[in-house]
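What follows is a short report on a single structure.
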Amino acid sequence: IIALSVEQIMPDENLTYKTAVYDQAKEHVNTEIAITIYFPNGTVFEKKLIRSNLTNTFSTKENYAPGYWKIESEVEEIKASKLFLIKEYEAASFRLENQTLTILNIGNIPYKKKIEISVGDVKEIKEVELSVGESKKYKLAAPDGNYKIVATDGTNSKDLGTTFLTGRAISIEELSNSIGGNLFIIVSLILIL
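Residue numbers (my numbering): 47 to 239.
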């Protein structure tokens, strides 16, 4: 048999489980048990040997796939299995480095939210879509000076501290867009020349 501590967990939580083998007299048999843990799509996540009747821990990470995972135990030709659910988790982290704000999807589903970015007293809203593990970078600019930077998605708010910014006006521009735009201008100037 397999006993689970809970049937549903959030990513980054632990699931404890115990397997046990009994003989026909319902006495516990102390033996090695082969354990296989499967992803929700049915592929193997992990295989290992454990001792019967001992508590084991399955530690999850924030980006583990949501859905029903399966733990299967096997002794000789006897098998048992249990399903447990890893819930959906939509989350992002915000990091400020020099004048660049990085938003990283740390959840286990695509992240699609409006982000409010505050540069001093000025607030701007950006529509952000990120697949699992994907990140976007935004270049911050403002008239020369130190500015407090805060990013929030309504659920998660992060005070990123104060940084020195330079520029003519306060702007928040996606880095890939600004590079693409500058490249277009450079290529156009070369063609004109």
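Backbone N, C-alpha and C define an ideal beta-carbon position, used for all residues, glycine too.
Just so you know, these numbers come straight off a predicted model, no measurement behind them.
Query	Result
My understanding is that Thr209 touches Ile195, with C-beta atoms under 8 Å, so please give their C-beta distance in whole angstroms.	6 Å
Bridge partners of Val196, per DSSP?	Ser164 and Asp205
Kindly indicate which three-state DSSP category Ile238 falls into: helix, strand or coil?	helix
Which term fits Leu95, buried or exposed, when burial requires 16 or more other beta carbons within 10 angstroms of its beta carbon?	exposed
Using a Cβ-Cβ cut-off of 8 Å (strictly less than) and excluding sequence neighbours within five positions of Arg214, which residues of its own chain qualify?	Ala187 and Pro189
I'd like the span of the beta strand (DSSP E) that includes Glu120, first residue to last.	Gly113 to Val121
Report the partner residues of Leu105 according to the DSSP bridge assignment.	For the record, residue 105 in the displayed sequence is Ser; it is not Leu. Answer is Asn60.
Give the single residue among Glu134, Thr89, Gly200 and Gly153 whose Cα lies nearest to the Cα of Lys160.	Gly200
I'd like the list of long-range same chain contacts for Met56, defined as Cβ closer than 7 Å, with 5 residues on each side in sequence excluded.	Lys133 and Tyr135
Reducing DSSP to helix, strand and coil, say where Leu221 ends up.	helix
Determine the closest residue to Gly191 out of Leu131, Phe104 and Val165, with distance taken between C-alpha atoms.	Val165
For Leu221, which residues from the same chain have a beta carbon less than 6 Å from its beta carbon, with the 5 sequence-adjacent residues on both sides left out?	Lys183 and Lys185
Note the first and the last residue of the continuous beta strand (DSSP E) segment covering Ser127.	Ile124 to Ile132
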